[in-house]
Amino acid sequence: MVLRQPQSILVTGGAGFIGSNYLNKMVPAYPDTLFVNLDALTYAGNLENLAQVCDRSNYVFERGDITDFELVAGLFDKYGFDAVVHFAAESHVDRSIIDPTAFVKTNVQGTLVLLQNAKAAWKEGEGLFHHVSTDEVFGSLGSKGVFTLESPYAPRSPYAASKASADHLVRSFGTTYGLPYVITNTSNNFGPYQFPEKLIPLVLNNARTRKPIPIYGKGENVRDWLYVEDHCEALEKVLLQGQDGHTYLIGGSEEWSNVDLVEALLDVFDAITGQAKGRSGELITFVQDRAGHDFRYAIDSSVTQKELQWRPKHSLKEGLVKTVTWYLEHTDWLSNILNESYRSYYQSQYGDR
Ligand code: NAD
Ligand code: TYD
622 MVLRQPQSIL VTGGAGFIGS NYLNKMVPAY PDTLFVNLDA LTYAGNLENL AQVCDRSNYV
682 FERGDITDFE LVAGLFDKYG FDAVVHFAAE SHVDRSIIDP TAFVKTNVQG TLVLLQNAKA
742 AWKEGEGLFH HVSTDEVFGS LGSKGVFTLE SPYAPRSPYA ASKASADHLV RSFGTTYGLP
802 YVITNTSNNF GPYQFPEKLI PLVLNNARTR KPIPIYGKGE NVRDWLYVED HCEALEKVLL
862 QGQDGHTYLI GGSEEWSNVD LVEALLDVFD AITGQAKGRS GELITFVQDR AGHDFRYAID
922 SSVTQKELQW RPKHSLKEGL VKTVTWYLEH TDWLSNILNE SYRSYYQSQY GDR
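Here this note's numbering = 1-based position in the sequence shown + 621.
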């Protein structure tokens with residue numbers, strides 16, 4: 622059942638991985654709704670991701686920082702938003718270990734600025750603030766169990782702590798000021814337009830260029846993988862049908878240890894590129910573990926599935942085939958994104974390999 626049909630939506634971080642997949646889906650699907658993409662274009666933001674929608678009349682790009690209160694206030698005035706879908710974040714755990722400062726600024730202070738502006742612009746009970754968050758706020762699981770709506774917050778990395786803080790701020794604006802909100806906590810995404818510092822595109826890029834493929838520790842850590850298109854379909858349903866004040870857990874029910882995932886990915890890569898099975902696997906190199914590395918994430922999406930009539934359409938293997946195919950067809954995109962800033966980050970992590 623559709624509860625709302627927003628007319629003017631502020632989408633933050635729409636030039637990043639998930640935000641661009643979301644806009645590429647939503648802008649053509651809702652031609653009568655205006656989508657304003659506010660993005661600072663950090664190293665992770667790339668307007669090339671939005672080539673399919675940038676000329677549409679219901680899409681506008683505004684370059685700016687979500688921590689800039691006056692700028693955000695001006696956008697609320699100019700566009701009269703009736704919904705915010707908030708993706709903008711510093712999103713990479715390894716970078717948060719090197720320096721958490723930007724994570725607190727963007728993920729905590731930036732979320733507060735958006736909430737304050739939504740509160741000022743909307744009468745009580747009006748509008749919708751959709752906060753896009755992660756399952757990492759619930760911490761690390763042992764070999765059994767899953768995250769549920771009852772799971773306590775227990776973030777362990779600076780990234781997860783900053784996202785947890787943002788979740789708490791969003792809920793506090795709901796209970797204190799009556800600001801309508803929904804929060805989605807989702808598992809690891811993969812698919813087109815993901816920046817190659819994250820595991821799957823990093824492995825693909827290194828396989829393509831025959832560089833060592835770093836797996837942290839023994840590769841036993843487990844993640845629950847979700848193809849990004851399936852995530853965006855769930856986000857669409859949450860926007861239209863999500864109940865005010867509800868939290869939706871979204872996962873792929875595809876739990877894989879890192880080493881098994883990388884081997885499966887490389888099998889797909891070798892098959893598609895016509896190489897002998899196992900050739901790319903020779904590149905796997907076990908490296909020093911991530912500090913405070915969360916052992917396992919697994920998410921119970923059953924409540925979301927029932928309430929929103931949603932379920933992931935892609936198995937992990939189907940998603941991997943689409944992803945490998947996409948990256949091989951978009952080597953120009955990869956070359957453009959692998960700029961100086963990426964190279965200096967990669968070198969700081971892995972040296973000259
Ligand atoms: P991303 O790093 O690919 O993109 C982030 C985007 O935000 C970039 O376009 C960047 O330019 C922009 N941005 C960063 N700081 C900004 C600022 N101060 N002002 C304006 N724009 C800014 O991230 P992603 O992987 O697409 O993740 C999007 C959201 O989804 C994040 O909130 C993340 O926590 C959440 N999430 C991600 C995953 C995942 O697996 N990638 C899983 C669950 C939740
Ligand atoms: P990542 O893609 O960074 O996502 P997150 O840390 O948010 O789960 O990493 C996914 C898993 O892969 C995580 O357990 C860390 C591991 N990993 C490696 O083993 N090697 C790598 O080079 C990277 C980037 C991650």
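Every residue, glycine too, gets a C-beta built ideally from N, C-alpha and C.
Check                                                                                                                                                                    : Outcome
Figure out for me which residue from G799, L949, V753, I920 has the closest Cα to the Cα of G746.                                                                        : G799
Is F907 near the ligand NAD, in the sense that its beta carbon is under 7 Å from a heavy atom of that ligand?                                                            : no
Given 7 Å as the limit, tell me if N842 has its C-beta closer than that to any heavy atom belonging to the ligand TYD.                                                   : yes
Report the residue ranges of all alpha helix (DSSP H) runs contained in full by the segment 757 to 804; include only those spanning at least 4 residues, in chain order. : 779 to 798
Can you check DSSP and say which residues form a bridge with A704?                                                                                                       : I630, L749
Between the Cα of S712 and the Cα atoms of G895, N810, I836, which residue gives the shortest distance?                                                                  : N810
Give the range of the beta strand (DSSP E) segment to which N642 is assigned.                                                                                            : Element bounds for N642: not the beta strand (DSSP E) but the alpha helix (DSSP H), 638 to 650.
Determine contact between the segment 851 to 862 and the segment 906 to 913, defined as no fewer than three beta-carbon pairs at a distance below 8 Å.                   : no
Around the Cβ of T952, are there at least 16 other Cβ atoms within 10 angstroms (buried) or fewer (exposed)?                                                             : exposed
Tell me which same chain residues have a C-beta within less than 8 Å of the C-beta of P817, skipping the five on either side of it?                                      : L823, L825, N826, L955, I958, L959, Y963
Using beta-carbon positions only, say whether Q673 and T654 come within less than 8 Å of one another.                                                                    : no
Roughly how many whole angstroms lie between the Cα atoms of T807 and K938?                                                                                              : 19 Å
Taking the alpha-carbon positions, what's the H867 to S922 distance?                                                                                                     : 13 Å
Kindly indicate the opening and closing residues of the alpha helix (DSSP H) around L735.                                                                                : 732 to 742
Figure out for me which residue from F759, I719, A885 has the closest Cα to the Cα of H789.                                                                              : F759
Can G812 be considered in contact with the ligand NAD, in the sense that its beta carbon sits closer than 7 Å to one or more heavy atoms?                                : no
Am I right that A709 and T727 are in contact with their C-beta atoms under 8 Å? What's the rounded C-beta distance?                                                      : 7 Å
Output the distance between the C-alpha atoms of S936 and I920, rounded to the nearest integer angstrom.                                                                 : 15 Å
According to DSSP, is L937 helix, strand or coil?                                                                                                                        : helix
Select from I718, R625, G795, A723 the residue whose C-alpha is nearest the C-alpha of A661.                                                                             : A723
Looking at T894 and the ligand NAD, is the gap between the Cβ and the nearest heavy atom below 7 Å?                                                                      : no
Just confirm the distance between the C-beta atoms of L770 and L870, as a whole number of angstroms; I'd bet it's less than 8 Å.                                         : 7 Å
Do R625 and P649 have their CB atoms nearer than 8 Å?                                                                                                                    : no
Let me make sure I understand the geometry here. Which of T906, S717, Q930 has the alpha-carbon closest to that of R831?                                                 : T906
Does the Cβ of S641 have 16 or more other Cβ atoms within 10 Å, making it buried, or fewer, making it exposed?                                                           : buried
Tell me which residue opens and which closes the alpha helix (DSSP H) that V714 is part of.                                                                              : 714 to 719
Could you check the C-alpha separation between G766 and G872 for me, to the nearest Å?                                                                                   : 14 Å
Which residue's Cα is closest to the Cα of F702: G748, V889, G666, E841?                                                                                                 : G748
In terms of residues, what are the limits of the beta strand (DSSP E) holding F816?                                                                                      : It is not in any beta strand (DSSP E) - F816 carries neither H nor E in the DSSP assignment.
Which residue spans inside the segment 666 to 710 form an unbroken beta strand (DSSP E) run of at least 3?                                                               : 680 to 684, 704 to 707
Between V889 and I836, which are expected to be in contact by the criterion C-beta below 8 Å, what is the C-beta distance as a whole number of angstroms?                : Their Cβ separation, rounded to whole angstroms, is 17 Å, which puts V889 and I836 out of contact at 8 Å.
Ends of the alpha helix (DSSP H) at W954?                                                                                                                                : 952 to 958
According to DSSP, is E876 part of a helix, a strand, or is it coil?                                                                                                     : strand
Of the residues N842, D689, I804, A828, which one's Cα is nearest the Cα of D881?                                                                                        : N842
Is the beta carbon of S988 less than 8 Å from the beta carbon of G840?                                                                                                   : In this structure the chain extends from 622 to 974, so residue 988 is not present and cannot be described.
So, helix, strand or coil for W846, using DSSP?                                                                                                                          : strand
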